[in-house]
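For reference, the structure discussed in these notes is given below.
There are 4 protein chains.
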Amino acid sequence: MTLRLIHDVDTAQDDAFALLIGMRHPNSNVEAVTVNYGNVNFDQMVENTLYTIEVAGFGGKIPVYEGCRLPLIAPFDDSSYVHGVDGFGGANFPKAKQRPESENAVAALIRLINENPGEFTIIAQAPLTNLACAVAADRSIAGKVKDLFIMGGTNNAVGNVTAAAEANFWHDPEAAKIVLNAGFPVTLVTWDLTMTQGRFNEAQLRQIDALDTPQSRFFTKANRASVEYVKKTHGVEGSTHPDSIAAAIAVEPAIVKKATDYYVDIETHGSIAQGYMLVDAVRRSGHEPNARVVEEIDQELFFQTMLKVLS
Amino acid sequence: MTLRLIHDVDTAQDDAFALLIGMRHPNSNVEAVTVNYGNVNFDQMVENTLYTIEVAGFGGKIPVYEGCRLPLIAPFDDSSYVHGVDGFGGANFPKAKQRPESENAVAALIRLINENPGEFTIIAQAPLTNLACAVAADRSIAGKVKDLFIMGGTNNAVGNVTAAAEANFWHDPEAAKIVLNAGFPVTLVTWDLTMTQGRFNEAQLRQIDALDTPQSRFFTKANRASVEYVKKTHGVEGSTHPDSIAAAIAVEPAIVKKATDYYVDIETHGSIAQGYMLVDAVRRSGHEPNARVVEEIDQELFFQTMLKVLS
Amino acid sequence: MTLRLIHDVDTAQDDAFALLIGMRHPNSNVEAVTVNYGNVNFDQMVENTLYTIEVAGFGGKIPVYEGCRLPLIAPFDDSSYVHGVDGFGGANFPKAKQRPESENAVAALIRLINENPGEFTIIAQAPLTNLACAVAADRSIAGKVKDLFIMGGTNNAVGNVTAAAEANFWHDPEAAKIVLNAGFPVTLVTWDLTMTQGRFNEAQLRQIDALDTPQSRFFTKANRASVEYVKKTHGVEGSTHPDSIAAAIAVEPAIVKKATDYYVDIETHGSIAQGYMLVDAVRRSGHEPNARVVEEIDQELFFQTMLKVLS
Amino acid sequence: MTLRLIHDVDTAQDDAFALLIGMRHPNSNVEAVTVNYGNVNFDQMVENTLYTIEVAGFGGKIPVYEGCRLPLIAPFDDSSYVHGVDGFGGANFPKAKQRPESENAVAALIRLINENPGEFTIIAQAPLTNLACAVAADRSIAGKVKDLFIMGGTNNAVGNVTAAAEANFWHDPEAAKIVLNAGFPVTLVTWDLTMTQGRFNEAQLRQIDALDTPQSRFFTKANRASVEYVKKTHGVEGSTHPDSIAAAIAVEPAIVKKATDYYVDIETHGSIAQGYMLVDAVRRSGHEPNARVVEEIDQELFFQTMLKVLS
Ligand SMILES: [Ca+2]
Ligand SMILES: [Ca+2]
Ligand SMILES: [Ca+2]
Ligand SMILES: [Ca+2]
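Residue numbers (my numbering), protein chains in the order written: chain A, 32 to 342; chain B, 32 to 342; chain C, 32 to 342; chain D, 32 to 342.
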């Protein structure tokens, strides 16, 4: 049975690759993409999304909805310093023909999920503001989603924006808290999993480049700035693929080798731990688990999944 | 020029009277009503809203949209203890013929305001969750609203749910913070203004009763529980009409005798002051005013406005 | 029976006058003064304290202990902008002969109260850090103090440092919370009481000046900057005497015309209401009263009390 | 040069062993012990401390001062569930002859450090309330301490009381924040270091038992409840020795194989991360390091150090 996907994105490099997985993997179709603020300038991310759809050969076939341009409450600066001004490392891709829909992303999420109860799998690759607004407006959608894969947070490990917090949840802690506590069937891909198991090394990046397809050429070009940033900032070789893991485990569940159900929650009142995700690994909170946290992946199968969609 | 109104409500007694003002005052038409959780059971409030529309003679003519059933983050219990289980003091009114729309209230707010930029005046009579979701999803609507009248908060005075906070803002501090900082043209009617200048005394209530119209009979019946609660809890005679003031000053601006522009903001991290509204009367915050706070009203004109719509 | 007083001070103008009341009123003796950071430079405040003791004729007879130079956690800037760099409006008084003790103020408070259980009345005229450290170190002292008069907070009214908070509690909210919840027999003199009932008008200031005693000359000189600041900032004539009220009602209880027992607490987690004092006038907290809040004073008797100690 | 030690303790099992290290290791003398609330009933911990001193052969020679019986602000329940009611697993040891001093622990810390500037090394094995009060009362003592070894917090790893927080810092986050930011020369032994490298396995515990000295018999008896608790709760064999590591690295610095300077701070406003220690391993805070965090120890040398003091 083919997965019906909605991607919620802030399209810079890895968001685009996650979209490629959703669009081009045989197990899934992407039926809508909702854009949330995040990595770079909002309008640029809309263009990046439309261009990625075009590269994948789906131009004009997958509606793109524009959503939240700011966090609920937190102040906001985008992360262009990580991804280059255009989110694709200055690749300067051409403008796609497809234009975004006029319906708001939050309204679209509410409508689509209600019209197709139990059908959609959502890949949440950005701060969770679109999803938070949607589920706050209509609490029933949490129970009408088949699966919600979220890239965000850390599992009792060091963060990236601060030692306490990962970027997606740090940008909008209130939204993350709303979504994680709303009753969605959540699977979490955390930042530390990405750092330890979600990287492609240089040999793998060369293997991708050698495919020499439109998709692989797009990958190589778009990925360049990220490789440099990760090397400089985190001192590691290769590139990190947090969003792609989230998409890949949705379409290829065997990638997950270990996942544990935990109670998770987000710090929204923090002075220094704002956006911190508590993963109750010590079972002291008294709360039942509300998320499945991926703790180990089959890295080779993940890479093969990427190769497949880029071929 | 006739005002085009949207009421955002949690319909118990005074919400209904505010709706009557909007619907029946010659200066205004109500074009939509959005329902937010608040005073009593959500579905009951939808019924209360539909019934109020019917009583006013507009049954089937004003669409009612169902919105947020819970605050963004705060835990929630309704305020049935104030308003009786049905929000009308157990009046047991019949069920209206009109049914709510299928479109979600948040989606409707985004759509209506975008389709009619600069046109709508909104009367916000409930916790601000619907409006917060709408403006978070589409930041542009703040600049496309003609006026936003909000009942909520206190102006450096004691609250009602706690000493620090008034009910509407206490129920969803995050939503209140979002809305007050979104750039809407806000006019605030605070709880302390209601307590000092927004009450009808027993003579006035008898005068209303003596009108003996369908609307006045509805008023008297629906108002009963509130009179008793206010007497018992706040030790004051008569009934309080916070939402009605907000509606009345929208349709009859001369009711406002004094209003001051202040910077206002909401405490969302409080341990004991959660939901507190800061009204920067000492001008120490360094922020420009973002709200017009009503500080004195013409009580007689307010009462005459109510009499007019009940006649 | 003569009151045995300890003053906890941050000696600028009004602190000095409060000390004069304690030292020179026939109902009281001052046995110790503990200095806390606050109004101006710490060492200057120690000098101000010593000089005030000398002016009052008690040089060498009342030990002065140096305590906390910073709040527990909050960052700190002193309030020289209110009081002039020296806290006495640049009066440039000579240096007193008496020097401070070597024992720390917190250690001294613990020792003195334990050695004299049930004996001391404390007049707390500064941020509450000294007292907080003392009672945290030895919880038993709360029950060994006869009375604790505190100048701080607001009673459901606008503050001075921010709209939410009064200076003494704003400087160290954690300390204020510790002290108010420690079980001391607390009487509170709030900022709003000071503003409405604790000012001397210009005629009264002239009457003080006309006394022409060393104390009245000191008063006039030291008070000058405060008069100008209050006029400029709060737009009111005369000078405000928060600390003096606290001292005056200790030595002359008839000054209090109305006081009510309330549960009070301090906001220590606030984003905008940091240092706010909740005064539970609506009795919604479920907590028993822990402070007597002065709500009305006999202004003439207060002035006469000041005249007496300056004569 | 012999280290001059002050231990700040909440004496249950491992606190006692840490005291044994301080007292009996040839590199150190213990000159004072200050008792802070924590593991079990306060008076019991005073007795445990006095008994431990007696067992070590120092009865009557090391003054014991009683300090804080409650956290600054946080509510408090002791941890008897971990350590047995008496903190020694119900060992029912006899009462020591030595009695505590009358001087308060906070006053004693201020006095001792000021009288011996640059001399004392402090081993902080309990919630940091005593030290926080002392340094808040006299900020200068932070610069007059030779070294401050603290057991507390986690280094980007899961906690014990909650997933976010370790017990000592969770009990009094405000105190921990005060001490870590006061300018002391801090070395931190974190909970995760204890769990991974600070345990004695069953063979080691048998080796200790086989020493058959008064100290080893005391160790075995007092340690019993802890072994059982750790097995049940954390699912690990052997016993954990957080406080002993802190004492051991003070007297035997070679035990530290890796330590890194980080900026650390404590969450005091948290809704779910209260007491969390941020260890800025990603260097994103912009703050200079304020603590040396031990990241790897020589486990065999640690064990040999314990064997030595028990022999
Ligand atoms: Ca992303
Ligand atoms: Ca209402
Ligand atoms: Ca003062
Ligand atoms: Ca300990």
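Heads up, the beta-carbon is just placed ideally off N, CA and C, and yes, glycines get one too.
Fully contained in the region 124-155 of chain B are the following alpha helix (DSSP H) runs of length 4 or more, in chain order: 136-146. Listed in chain order, the non-local C-beta contacts of Gly-69(D) below 6 Å within the same chain comprise Asp-41, Ala-157 and Pro-158, local neighbours out to five positions each way being set aside. Its chain contains Leu-341 and Ser-342 as the residues whose beta carbon lies nearer than 6 Å to that of Leu-242(C), once the 5 sequence neighbours on both sides are disregarded; these appear in chain order. None of the residues of the region 266-296 of chain A has a beta carbon lying less than 8 Å from any beta carbon of chain B. Just measuring C-alpha positions, the residue of Asn-232(D), Glu-97(D), Ala-281(D) and Ile-286(D) sitting nearest Ile-141(C) is Glu-97(D).
Pairing Ile-144(C) with Lys-175(C) gives a Cβ-Cβ distance under 9 Å. No Cβ of chain C is located within less than 9 Å of the beta carbon of Gly-306(D).
DSSP lists Phe-231(D) as the beta-bridge partner residues of Ser-270(D). Three or more Cβ pairs drawn from the region 34-51 of chain A and the region 244-255 of chain A lie within less than 8 Å of each other, which places the two stretches in contact.
Scanning Glu-283(A), Thr-152(A) and Ala-253(A) for the CA closest to the CA of Thr-80(A) turns up Ala-253(A). In the DSSP assignment, Glu-319(D) falls outside any beta strand (DSSP E) and carries neither an H nor an E.
Counting other Cβ atoms within 10 Å of its Cβ, Asp-296(A) reaches 16 or more and is therefore classed as buried. 9 Å or more divides the Cβ of Met-308(C) from the Cβ of Leu-162(C). Leaving aside the five residues that flank Val-310(C) on each side, the residues in its chain whose CB is nearer than 7 Å to its CB run, in chain order, Asn-186, Asn-187, Tyr-293, Val-295 and Val-324. Judged by their CB atoms, Ala-167(A) and Leu-101(B) are nearer to each other than the 9 Å cut-off. Given a length threshold of 4 residues, each whole run of the alpha helix (DSSP H) inside the region 193-271 of chain D is given here in chain order: 198-202, 204-211, 222-228, 233-242 and 245-265. The C-alpha of Gln-305(D) lies about 19 Å from the C-alpha of Asp-203(A).
Rounded to whole angstroms, the gap between the alpha carbons of Thr-193(B) and Trp-201(B) is 8 Å.
Close to Asn-321(D), with beta-carbon spacing below 9 Å, lies no residue of chain C; the smallest spacing is near 15 Å. Contact with chain A is found for Leu-101(B), since one of that chain's Cβ atoms lies less than 9 Å from the residue's Cβ. Annotation for Thr-83(C): Ala-47 and Leu-50 place their beta carbon closer than 6 Å to its own, counting only its chain and skipping 5 residues before and after. For the pair Gln-44(A) and Phe-124(A), the CB atoms are not nearer than the 9 Å cut-off. The three-state secondary structure of Asn-161(D), taken from DSSP, is helix. Not one heavy atom of ligand 3 is found less than 8 Å from the C-beta of Gly-121(C). Against Arg-315(C), the close residues of chain B are Gly-190, Asn-191, Val-192, Thr-193 and Ala-194, in the order they occur along the chain (beta-carbon pairs closer than 9 Å). The beta carbon of Gly-269(D) lies closer than 8 Å to those of Arg-230, Phe-231, Asn-232, Glu-233, Gln-235, Leu-236, Val-258 and Val-261 in the same chain, with the five residues before and after it left out.
For Arg-170(C), no alpha helix (DSSP H) run applies, since DSSP gives it neither H nor E. As the crow flies, the alpha-carbon of Gly-183(B) is around 28 Å from that of Gln-238(B). Listed along the chain, the chain D residues whose CB falls inside 9 Å of the CB of Ile-153(C) amount to none; the nearest CB is some 16 Å away.
Taking 9 Å as the cut-off, the Cβ atoms of Thr-152(D) and Leu-36(D) count as close. The beta carbon of Cys-164(C) is closer than 7 Å to those of Cys-99 and Val-137 in its chain, skipping five residues each way along the sequence.
A distance of 9 Å or more separates the beta carbons of Gly-88(D) and Arg-130(D). Per DSSP, the unbroken alpha helix (DSSP H) holding Ile-84(B) starts and ends at 73-86. Taking 8 Å as the cut-off, the C-beta of Ala-43(D) counts as close to a heavy atom of ligand 4. Annotation: Ile-93(C) to Val-116(D) spans about 47 Å, alpha carbon to alpha carbon. For Gly-301(A), the chain D residues whose Cβ falls inside 7 Å of its Cβ are Glu-298, His-300, Gly-301 and Ala-304, in order along the chain.
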